[in-house]
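Chemist: So in UniProt numbering, spot 46 of the sequence shown is number 46, and the numbers just go up one at a time.
The beta carbon of each residue, even a glycine, is placed where N, CA and C say it ideally should be.
No experiment lies behind these values; they were computed from the predicted model shown.
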Amino acid sequence: MKLPHQKGMVIWLMGLSGAGKSTISNLFEEQLNESGFFSMKLDGDEMRKGLNYNLGFSMDDRAENIRRAAETAKIIASNGVIVICSFITPLNGHRTIAKNILGGMYFEVFIDCPLDICEQRDVKGLYEQAHNNTLKNFTGISSAFERPTTPDLILHTDNFTAEQCCDQLYNAVKNKIADNA
């Protein structure tokens with residue numbers, strides 16, 4: 001079944017923990033729904049509770065986490081749904097995995113926020129645990145995060161509100177998701 005008036009697409013939000021991926025994802029889903037588009041979110045934390053429960057945080061497991069998420073998003077987007085993915089996606093190699101699986105359906109969004117601001121926003125206390133060495137392989141502290149080399153859009157959550165970033169995202173993709181045929 002193809003949904004009327006929209007094209008399936010995967011909007012892949014990436015960035016450090018605390019950068020604003022989930023907040024923007026939630027706002028973006030609301031904006032899409034209010035505009036008459038049907039969307040679905042895939043969140044890294046939620047995927048790790050279910051489909052990816054058996055994966056750790058080694059580089060191989062992180063790559064497999066992204067591969068499974070991209071394959072899942074591809075199935076959903078192939079049915080005309082707009083899929084909003086929120087995954088840290090720390091390495092350019094991980095992004096290449098997603099791009100190769102999703103092809104032209106992939107729209108990469110880097111949620112750019114300085115590490116010190118992400119640490120200030122840390123409601124879960126993860127950065128503190130990472131600094132105290134009680135949380136191993138934490139992206140940005142004891143595990144690498146590579147800046148994306150070719151994102152389709154960069155949202156600066158340190159300079160703009162989540163609502164402003166959501167508007168920037170919507171304006172960047174609205175013509176790509178609308179099926180005017």
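Whole angstroms is fine: what's the gap from Asn79's alpha carbon to Ala69's?
Modeler: Rounded to the nearest angstrom, the two C-alpha atoms are 16 Å apart.
Chemist: What whole-angstrom Cβ distance do Ile141 and Ala130 have, given they're in contact under 8 Å?
Modeler: With 8 Å as the limit, Ile141 and Ala130 qualify as a contact, their Cβ atoms being about 4 Å apart.
Chemist: Can you check which of these residues, Ile76, Ile66, Gly125, is closest to Thr96 by C-alpha distance?
Modeler: The shortest Cα separation from Thr96 among Ile76, Ile66, Gly125 belongs to Ile66.
Chemist: As a quick exercise: from Thr139, Gly103, Leu126, pick the residue whose alpha carbon is nearest that of Phe57.
Modeler: Cα-wise, what sits closest to Phe57 is Thr139.
Chemist: Given this structure, state the Cα-to-Cα distance separating Met47 from Tyr53, to the nearest angstrom.
Modeler: Roughly 7 Å separates the two Cα atoms.
Chemist: Measure the alpha-carbon distance for residue 194 versus Ile101 and round it to whole angstroms.
Modeler: Residue numbering for the chain in the displayed model covers 1 to 181; residue 194 lies beyond these limits and cannot be assessed.
Chemist: Answer with buried or exposed for Cys166, where buried requires no fewer than 16 other C-beta atoms within 10 angstroms of its C-beta.
Modeler: Buried, by the Cβ-count rule.
Chemist: According to DSSP, simplified to helix, strand and coil, what is Tyr106?
Modeler: Residue state, collapsed to three classes: strand.
Chemist: Can you tell me the Cβ-Cβ gap for Val81 and Met40, rounded? I've got them flagged as a contact below 8 Å.
Modeler: Going by Cβ atoms, the distance from Val81 to Met40 rounds to 5 Å, so yes, they are a contact pair.
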